[in-house]
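Below is one structure, written out as C-alpha cells; comments come after it.
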Amino acid sequence: MERIILDCDPGHDDAIAILLAAGSDAIELLGITTVAGNNTIDNVTTNAQAVCQVAGIEVPIARGASEPLVTPQIVSHDIHGGTGMDGPVLPEITTQLDPRHAVDFIIDTVMAEPAQSVTLVPVGPFTNIALAMRKEPRIVERVKRVVAMGGSYTRGNVTPSAEYNIYVDPEAAEAVFRGAWPVTMVGLDLTHQALATQELQDRVRLLDSDVARFVLDIWGFIGKTYEDVFEFPAPPVHDACCVAYLIDPSVMRVEPAHIAVELHGQWTKGMTVVNFRERAGMHHSTGVAAQLQDHRGQVATELNWPRFADLVVDAIAQLSTR
Ligand code: BDR
Ligand code: CA
248 MERIILDCDP
258 GHDDAIAILL
268 AAGSDAIELL
278 GITTVAGNNT
288 IDNVTTNAQA
298 VCQVAGIEVP
308 IARGASEPLV
318 TPQIVSHDIH
328 GGTGMDGPVL
338 PEITTQLDPR
348 HAVDFIIDTV
358 MAEPAQSVTL
368 VPVGPFTNIA
378 LAMRKEPRIV
388 ERVKRVVAMG
398 GSYTRGNVTP
408 SAEYNIYVDP
418 EAAEAVFRGA
428 WPVTMVGLDL
438 THQALATQEL
448 QDRVRLLDSD
458 VARFVLDIWG
468 FIGKTYEDVF
478 EFPAPPVHDA
488 CCVAYLIDPS
498 VMRVEPAHIA
508 VELHGQWTKG
518 MTVVNFRERA
528 GMHHSTGVAA
538 QLQDHRGQVA
548 TELNWPRFAD
558 LVVDAIAQLS
568 TR
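In the numbering used here, the protein residues as written are 248 to 569.
Here it is as C-alpha cells:
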C-alpha cells in the first residue's frame, strides 16, 4: 500500500491522476494539494474539488502556492483551456477546502505519519514541495520518496529542452531534485508513451458511468489541443503515470541517474540534465561532470502501455460503482 499526497494543478491529466489514485486499492490518498501551474491557484483548486465531487472522492484538499518561487507564473491556456480543465461541465462546488495552506498540510502530514511511510507525488510545478522543504527541512529524511512528473532527457514541450512543470518553476525543481531523498523523475520520455488512444477511450466508454463520461470529456478536449498544437494522435496522460508506477512498479522501466536542473542557460533554462549511471560515453572525473555522479535518483524510460491502460480502466470502473 502506497500512502501518497498528490500535489497537482488540474489540468486534464492531473484529473486522471486523482481518479487513478482514488480508484486503486493499492493507494491511500492522504490528501490533494494544489499549486499554481496550468492555471491560477483559484481555478486549479476548484478543478480539484470538481473532480473529487464528480467521482465521490472524500479526501482533504489544501490550496497551495499562487506563484512560482522566482519567476512569474506561466499558465497553459493553449493546452488546458481558459479554466485549466476545459471540456467537461463541472458541478457547482459544495465541498470545503482543508483550512491549511498546502505547504502546512504536507509538513503536518509527513511529520505526523510514521517515518518513511508517505510518498510525495508532485505533478505540477514543484513550488509547494520546495517551500515545504524550506519551512520544515526534516520532511526530507522522513518522506519515503518523491515520484514526480516533470522534465525529460530528450526534448521539452515548452522549449526544445524544457518540460512545462520544470520550466515554470526551475528553482523549485532544482531544490527537489537536489534534496537528499529518493526522487523518481517521470518525464516526457515516458509520459509521451502513455496515450489515451481510441482503444483506451472505447474501453472507458463501455463503463457507461458519470465518471467514465467525465473522463471522456477530459480526453475529448485535451485530445483536440494535443492534435492541434503538437500533432499527437491521442493525448498523453502524463500525471497519471506517477500514480500508475506506485500502484504497480512493473508498469515502467526506471534507470538510476543523477538529475540536475539548468537554471541559467540562455536556450536551456528549465532543462533536466540526466546522467544515467549505466549509459556510457561521458568522461566524468572532473569539473561539472564530477558533480553529476551521485545516482540516487531514477528516471523512467519505458512504459508497459497495456498494463497502464488496464490500471486506468480498473480505477475508473471501481469509481463507477460508487
Ligand atoms: C505537464 O504539464 C502540465 O500541463 C500537465 O498537467 C503535466 O503535468 C506535462 O508537461
Ligand atoms: Ca500537471
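Positions of the beta carbon are idealized from the N, C-alpha and C atoms, including for glycine.
According to the neighbour-count rule (16 or more other Cβ atoms, all chains shown, within 10 Å of its Cβ), is residue i buried or exposed?
i	result
residue 341	exposed
residue 374	buried
residue 407	exposed
residue 303	exposed
residue 310	buried
residue 260	buried
residue 249	buried
residue 296	buried
residue 497	exposed
residue 371	buried
residue 398	buried
residue 416	buried
residue 438	buried
residue 570	One cannot answer for residue 570 here, as it falls past the ends of the chain, which runs 248 to 569.
residue 474	exposed
residue 349	buried
residue 549	exposed
residue 358	exposed
residue 329	exposed
residue 445	exposed
residue 545	buried
residue 262	buried
residue 409	buried
Can you tell which of the options has the C-alpha that lies nearest to the C-alpha of residue i?
i	options	result
residue 369	257, 469, 464 and 439	257
residue 494	291, 559, 419 and 439	559
residue 283	277, 255, 306 and 271	255
residue 556	264, 249 and 248	264
residue 447	377, 547, 313 and 561	561
residue 353	503, 411, 440 and 390	390
residue 492	279, 267, 343 and 567	267
residue 471	281, 482 and 499	482
residue 378	419, 361, 445 and 345	419
residue 486	358, 396 and 362	396
residue 327	507, 392 and 469	469
residue 325	551, 361 and 285	285
residue 551	442, 541, 314 and 330	442
residue 539	566, 506 and 301	506
residue 430	376, 457 and 322	376
residue 356	526, 276 and 567	276
residue 380	425, 409, 272 and 464	425
residue 565	293, 457 and 465	457
residue 563	281, 301 and 280	301
residue 440	274, 484, 464 and 294	484
residue 465	281, 421, 500 and 294	294
Taking the straight line between their C-alpha atoms, what separation do you get for residue i and residue j?
i	j	result
residue 490	residue 537	33 Å
residue 316	residue 524	31 Å
residue 382	residue 252	17 Å
residue 427	residue 388	7 Å
residue 459	residue 512	43 Å
residue 270	residue 510	37 Å
residue 312	residue 547	27 Å
residue 307	residue 535	43 Å
residue 554	residue 366	22 Å
residue 287	residue 278	20 Å
residue 305	residue 455	22 Å
residue 423	residue 411	16 Å
residue 351	residue 386	11 Å
residue 299	residue 413	26 Å
residue 332	residue 502	33 Å
residue 522	residue 569	45 Å
residue 462	residue 345	25 Å
residue 290	residue 361	33 Å
residue 508	residue 520	6 Å
residue 543	residue 392	11 Å
residue 322	residue 314	10 Å
residue 363	residue 319	34 Å
residue 504	residue 526	9 Å
residue 541	residue 567	44 Å
residue 421	residue 281	19 Å
residue 500	residue 488	12 Å
Can you determine whether any heavy atom of ligand 4 sits closer than 6 Å to the C-beta of residue i, and answer yes or no?
i	result
residue 474	Looking for ligand 4 in the displayed structure turns up nothing; the ligands present are ligand 1 and ligand 2.
>> So, does the segment 515-524 touch the segment 476-496, judging by three or more C-beta pairs under 8 Å?
In response: The segment 515-524 makes no contact with the segment 476-496; the number of CB pairs closer than 8 Å stays below 3.
>> Under 8 Å, with one C-beta from each stretch per pair, do the segment 334-350 and the segment 428-447 reach the 3-pair mark?
In response: No, they do not touch.
> Would you say the segment 401-409 touches the segment 442-458, given that touching needs at least three Cβ pairs under 8 Å?
Replying inline: At 8 Å Cβ cutoff, the stretches do not touch.
>> At 4 residues or longer, what runs of the alpha helix (DSSP H) sit wholly inside the segment 392-468?
In response: Fully enclosed alpha helix (DSSP H) runs of 4 or longer: 411-415, 417-425, 435-438 and 445-452.
>> Restricting to runs no shorter than 4 residues, where is the alpha helix (DSSP H) found entirely within the segment 477-527?
In response: Counting whole runs of 4 or more residues, the segment 477-527 contains the alpha helix (DSSP H) stretches 487-494.
> Hey, which unbroken runs of the beta strand (DSSP E) at 3 residues or more fall wholly within the segment 302-369?
Replying inline: 308-310 and 365-369, all fully within the segment 302-369.
> Which parts of the segment 253-305 are runs of the beta strand (DSSP E), unbroken and 3 residues or longer, counting only runs that do not cross its ends?
Replying inline: Fully enclosed beta strand (DSSP E) runs of 3 or longer: 274-281.
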